[in-house]
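Notes to accompany the following structure.
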Amino acid sequence: MRCIRTAQTKLQQPHHRARLAASAALSAFCASVVLSSEACAEPAPLAYFLHTAGPAASPTMRLGWVLTAIVVLVVLFVSGLLVGAVLRKRPAAPAEAIGPEAGGLRWIYVGTGVSCIALLGMLVYAMMTLESVASPASHARLVITVTAYDWWWKVDYTGDADPARNFSTANEIHIPAGEPVKVLLKSADVVHAFWVPQLAGKTQTIPGQTNEQWIQADRPGIYRGQCSQFCGAQHAHMAFEVVAQSAAAFDAWRDAQGRSATQTDAAAPDAAAPDAAAPDASAQNAPVIAGKKLFDERCAGCHTIRGTDAQGSQAPDLTHLGSRRLIAAGALTNTPEHLLDWIQHAQRIKPEALMPSIALTTSEAAALSAYLATLH
Ligand code: HEC
Ligand SMILES: [Cu+2]
């Protein structure tokens, strides 16, 4: 958060003391209400105070603001009355006049009446909002299944007539922009909650039950999601991203993700000519081959890479690892350095995560890196 750092630097310089109060106020403001990328260097990733991007979320954001406004008005009004009552001087009453008082009852009738009308109005508005986000305006053509695991998200694309377009991926949900998508929500272990604040409200994932949510992004973009039900040590590092794309880009993505690792390799132009370039290619591929062997020995029990012997089912599918923006459920950006760091120090980066830290020699790390780089 750059704006806080700026404010702190100013505090350390004596000639800026006069601005101390202003800087402190500014940094407090930025820290508590980082509303937009203009206000601060890094936008709040969930950014749900001001920004929504779809019909399942916008009505609830409006409801939130309207209810807040009404509540603030009520507090101000009642505070005003209270201050008025405290300041008001009444004539000293004669001592013998102690007894039931009839004065002031009107305030109670009016107050109760107004409160009832306001509360009833808020209730009706809230029910209407609930109704409007309950189901999409048109039938959802795309249905995906998201299964929550401690502490990551499995995403299954199923239901396409072409089996090659049905597959499993992790922590990154792609959807076509401008159309509703139905999300079936499951849990593999404990109760989690699926929440993409800019696209829809929260829905719990409950073991043994399938819940439903729908999301729709009006425009292409990347929308951050987060588990919002405390589910254990790494609950806070259980994020994901929804990537909304044009219909064509989404189709291309789905086609690519459906391919197995070997198909992707075969499609790559440099691996297409195994004959003439064989000696060269195999020298180049030696680390890749060593890396694949290492993967089969040390990682395949948990992870799947489609098209290979690695068929583990308790961890993210890594067939197209390279296509993801983030790894470890949003904990790190997907760079070769972060990948190696994660593999060797998963327990430092996400203590108690269900992947062990794996010790690698320098050459093993290089080989594994080379192999993982082929999983695009
Ligand atoms: C005991 C099971 C297990 C083993 C063995 C294991 N992993 Fe994992 N791995 C996991 C789990 C579980 C996660 C998800 C952790 C999380 O995000 O909380 C994970 C996450 C990952 C991720 C991040 C994937 C993503 O999309 O976010 C990578 C990359 C990865 N593992 C690579 C490896 C490699 C390489 C090996 C072998 C050297 C390996 N893993 C061995 C269980 C395992
Ligand atoms: Cu969770």
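Per mature numbering (1 follows the signal peptide of the UniProt record, and there is no 0): the sequence shown = residues -41 to -1, 1 to 335. The C-beta atom is built at its ideal place from N, Cα and C for all residues, glycine as well.
May I have the straight-line CA-CA distance separating residue i from residue j, to the nearest angstrom?
{"i": "residue 298", "j": "residue 76", "result": "58 Å"}
{"i": "residue 198", "j": "residue 72", "result": "46 Å"}
{"i": "residue 308", "j": "residue 38", "result": "49 Å"}
{"i": "residue 200", "j": "residue 179", "result": "13 Å"}
{"i": "residue 182", "j": "residue 15", "result": "14 Å"}
{"i": "residue 247", "j": "residue 269", "result": "15 Å"}
{"i": "residue 95", "j": "residue 89", "result": "12 Å"}
{"i": "residue 279", "j": "residue 147", "result": "22 Å"}
{"i": "residue 319", "j": "residue 251", "result": "14 Å"}
{"i": "residue 191", "j": "residue 67", "result": "49 Å"}
{"i": "residue 62", "j": "residue 33", "result": "23 Å"}
{"i": "residue 120", "j": "residue 221", "result": "22 Å"}
{"i": "residue 213", "j": "residue 195", "result": "29 Å"}
{"i": "residue 167", "j": "residue 145", "result": "7 Å"}
{"i": "residue 317", "j": "residue 311", "result": "14 Å"}
{"i": "residue 205", "j": "residue 137", "result": "8 Å"}
{"i": "residue 163", "j": "residue 335", "result": "32 Å"}
{"i": "residue 265", "j": "residue 259", "result": "11 Å"}
{"i": "residue 277", "j": "residue 165", "result": "25 Å"}
{"i": "residue 116", "j": "residue 105", "result": "9 Å"}
{"i": "residue 23", "j": "residue 281", "result": "39 Å"}
{"i": "residue 176", "j": "residue 65", "result": "51 Å"}
{"i": "residue 207", "j": "residue 31", "result": "46 Å"}
{"i": "residue 82", "j": "residue 40", "result": "25 Å"}
{"i": "residue 10", "j": "residue 185", "result": "16 Å"}
{"i": "residue 19", "j": "residue 92", "result": "8 Å"}
{"i": "residue 28", "j": "residue 157", "result": "21 Å"}
{"i": "residue 328", "j": "residue 291", "result": "16 Å"}
{"i": "residue 304", "j": "residue 284", "result": "20 Å"}
{"i": "residue 113", "j": "residue 289", "result": "13 Å"}
{"i": "residue 237", "j": "residue 107", "result": "Confidence is the limiting factor: at residue 237 the pLDDT is only 46, short of 50, which leaves the residue's position unreliable, though a coordinate-based value still follows. So the alpha carbons of these two residues sit roughly 44 Å apart."}
{"i": "residue 8", "j": "residue 159", "result": "13 Å"}
{"i": "residue 6", "j": "residue 25", "result": "18 Å"}
{"i": "residue 3", "j": "residue 128", "result": "26 Å"}
Does ligand 1 have even one heavy atom less than 7 Å from the beta-carbon of residue i?
{"i": "residue 279", "result": "no"}
{"i": "residue 304", "result": "no"}
{"i": "residue 130", "result": "yes"}
{"i": "residue 192", "result": "no"}
{"i": "residue 75", "result": "no"}
{"i": "residue 273", "result": "yes"}
{"i": "residue 134", "result": "no"}
{"i": "residue 86", "result": "no"}
{"i": "residue 297", "result": "no"}
{"i": "residue 260", "result": "yes"}
{"i": "residue 20", "result": "no"}
{"i": "residue 265", "result": "no"}
{"i": "residue 338", "result": "As displayed, the chain neither begins before -41 nor continues past 335, which places residue 338 out of reach and without an answer."}
{"i": "residue 327", "result": "yes"}
{"i": "residue 288", "result": "yes"}
{"i": "residue 36", "result": "no"}
{"i": "residue 183", "result": "no"}
{"i": "residue 212", "result": "no"}
{"i": "residue 165", "result": "no"}
Provide the residue(s) that pair with residue i in DSSP beta bridges, ordered along the chain.
{"i": "residue 203", "result": "134 and 180"}
{"i": "residue 270", "result": "263"}
{"i": "residue 113", "result": "106 and 129"}
{"i": "residue 291", "result": "286"}
{"i": "residue 8", "result": "Its beta-bridge partners do not exist; DSSP assigns none."}
{"i": "residue 166", "result": "146"}
{"i": "residue 123", "result": "None, per the DSSP bridge assignment."}
{"i": "residue 216", "result": "None, per the DSSP bridge assignment."}
{"i": "residue 198", "result": "185"}
{"i": "residue 101", "result": "140"}
Which residues bound the alpha helix (DSSP H) around residue i?
{"i": "residue 296", "result": "295 to 308"}
{"i": "residue 71", "result": "64 to 93"}
{"i": "residue 329", "result": "321 to 331"}
{"i": "residue 174", "result": "No alpha helix (DSSP H) holds residue 174; the beta strand (DSSP E) holding it covers 170 to 174."}
{"i": "residue 26", "result": "17 to 46"}
Taking 7 Å as the cut-off, is the C-beta of residue i nearer than that to any heavy atom in ligand 2?
{"i": "residue 188", "result": "yes"}
{"i": "residue 151", "result": "yes"}
{"i": "residue 110", "result": "yes"}
{"i": "residue 15", "result": "no"}
{"i": "residue 337", "result": "Coverage of the chain is limited to positions -41 through 335, which leaves residue 337 absent and any answer about it impossible."}
{"i": "residue 107", "result": "yes"}
For the beta strand (DSSP E) containing residue i, name the first residue and the last one.
{"i": "residue 144", "result": "140 to 146"}
{"i": "residue 152", "result": "151 to 154"}
Nearest chain B C-beta to residue i closer than 8 Å, yes or no?
{"i": "residue 293", "result": "Of the chains in the structure shown, none is chain B; there is only one protein chain."}
Is residue i near ligand 3, with its Cβ less than 7 Å from a heavy atom?
{"i": "residue 199", "result": "What this structure holds is ligand 1 and ligand 2, not ligand 3."}
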